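In the working numbering, the protein residues as written are 1456 to 1542.
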């Protein structure tokens, strides 16, 4: 974020201004898709998806099985909570 100085990924994931900017981006994205395609909840992960850590293939496709396995708790939280955005 502009004017925030340097912050770690963990700090950015909890920063109210960063979260507000992400929420605004989601709102803008949702304006051009149907309700069925819209983003209703999201969470900020503090882990990069890279080839080196096994979350991406060499052609930069997401390895869904690995992501689902390692982030099962985060995914459960998104689907278990009510309609408010998860952060």
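In this text, a Cβ means the ideal position worked out from N, Cα and C, and glycines have one as well. For clarity, every value in this text was computed on a predicted model and none was experimentally measured.
According to DSSP, is residue i part of a helix, a strand, or is it coil?
i            : result
residue 1522 : helix
Could you tell me how far apart the beta carbons of residue i and residue j are, in whole angstroms, since I believe they sit closer than 8 Å?
i            : j            : result
residue 1494 : residue 1479 : About 12 Å; that fails the 8 Å criterion.
residue 1501 : residue 1465 : 5 Å
residue 1517 : residue 1504 : 6 Å
In chain order, what residues of the same chain lie with their CB nearer than 7 Å to the CB of residue i, ignoring the 5 residues before and after it?
i            : result
residue 1521 : 1509, 1510
residue 1519 : none
Along the chain, which unbroken stretches of the alpha helix (DSSP H) at least 4 residues long are found entirely within the stretch 1456 to 1524?
For secondary structure counted as the alpha helix (DSSP H) over 4 or more consecutive residues, the stretch 1456 to 1524 holds these complete runs in sequence order: 1464 to 1469, 1471 to 1485.
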